[in-house]
Amino acid sequence: GAVVSQHPSRVICKSGTSVKIECRSLDFQATTMFWYRQFPKQSLMLMATSNEGSKATYEQGVEKDKFLINHASLTLSTLTVTSAHPEDSSFYICSARDQIARPEQYFGPGTRLTVT
Amino acid sequence: DAKTTQPNSMESNEEEPVHLPCNHSTISGTDYIHWYRQLPSQGPEYVIHGLTSNVNNRMASLAIAEDRKSSTLILHRATLRDAAVYYCILSGGGGSTLGRLYFGRGTQLTVWP
Numbered sequence: 002g003a004v005v006s007q008h009p010s011r012v013i014c015k016s017g018t019s020v021k022i023e024c025r026s027l028d029f030q031a032t033t034m035f036w037y038r039q040f041p042k043q044s045l046m047l048m049a050t051s052n053e054g055s056k057a058t059y060e061q062g063v064e065k066d067k068f069l070i071n072h073a074s075l076t077l078s079t080l081t082v083t084s085a086h087p088e089d090s091s092f093y094i095c096s097a098r099d100q101i102a103r104p105e106q107y108f109g110p111g112t113r114l115t116v117t
Numbered sequence: 011d012a013k014t015t016q017p018n019s020m021e022s023n024e025e026e027p028v029h030l031p032c033n034h035s036t037i038s039g040t041d042y043i044h045w046y047r048q049l050p051s052q053g054p055e056y057v058i059h060g061l062t063s064n065v066n067n068r069m070a071s072l073a074i075a076e077d078r079k080s081s082t083l084i085l086h087r088a089t090l091r092d093a094a095v096y097y098c099i100l101s102g103g104g105g106s107t108l109g110r111l112y113f114g115r116g117t118q119l120t121v122w123p
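Chains A and B, in that order, give the protein sequences. Going by this note's numbering, the first sequence opens with residue 2, and the numbers climb by one from there. Going by this note's numbering, the second sequence opens with residue 11, and the numbers climb by one from there.
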């Protein structure tokens, strides 16, 4: 149980275009979803916290107008990287919690974004 | 957010027990102690979590010091598949950061055949 999927697994896009990444909880309803970014040889950095039906909460230094997060249902959250630039190339990972009372998070396999 | 301190790297031989330490001297009373691990180019994998008492699951055991200022993740018999970066993270504590995980650098575990 507790499986989280991401789509696509890797994407290449041109500079200036937008890219949408989907995160789905497959066998549970996610009260909260999280988005992380990881650069090569570095640790994960939390970007934002997303609750179903409400606006995402962004970490300090993360541009909310650039990284649009939509959490339209209890099983789906999307991250859209708008007007992507080469410096946005990174490994984007989502996670989900299935119940407020349970603190553990289940992570997706990640999406490798390359902006050319 | 409370910080944790872990060794940068550790090594073990296959089928031997591994004890991965974590110091968290500034832990608050409501912080959970989480352990996750990550293989290259994959999302992290939940390992175990605890609050005050020692915890066991099919993957590992978590031993928490009585004063909660440190903990140890125990892999009872290391396998090659256990080679990963292990992250010890505090989470909870209430307030605006409830449930969020802030990853440190973790411990790179190497398992030798």
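Cβ atoms here follow ideal geometry from the backbone N, Cα and C, with glycine treated the same way.
The C-beta distance from Tyr-46(B) to Tyr-56(B) rounds to 6 Å, short enough to meet the 8 Å contact threshold. Taking the Cα positions, His-34(B) is about 5 Å away from Ser-80(B). Straight across, the Cα-Cα distance linking Gln-7(A) with Glu-21(B) is about 32 Å. Under the three-state reduction of DSSP, Leu-49(B) is assigned to coil, being neither helix nor strand. Distance between Ile-13(A) and Ile-74(B), taken at the CA atoms: about 44 Å. With respect to Ala-94(B), Glu-25(B) sits apart: the two C-beta atoms are not nearer than 8 Å.
Rounded to whole angstroms, Leu-85(B) and Ala-73(A) show a C-alpha spacing of 39 Å. DSSP, reduced to helix, strand and coil, places Arg-87(B) outside both helices and strands of the structure shown, so it counts as coil.
The beta carbon of Pro-31(B) is closer than 6 Å to those of Thr-82 in its chain, skipping five residues each way along the sequence. Secondary structure at Glu-25(B): coil, using DSSP grouped into helix, strand and coil. Under the Cβ distance rule, Arg-68(B) does not count among the residues neighbouring chain A, no pair being separated by less than 8 Å. Excluding residues up to 5 positions away in sequence, Thr-83 lie with their Cβ nearer than 6 Å to the Cβ of Lys-67(A) in the same chain.
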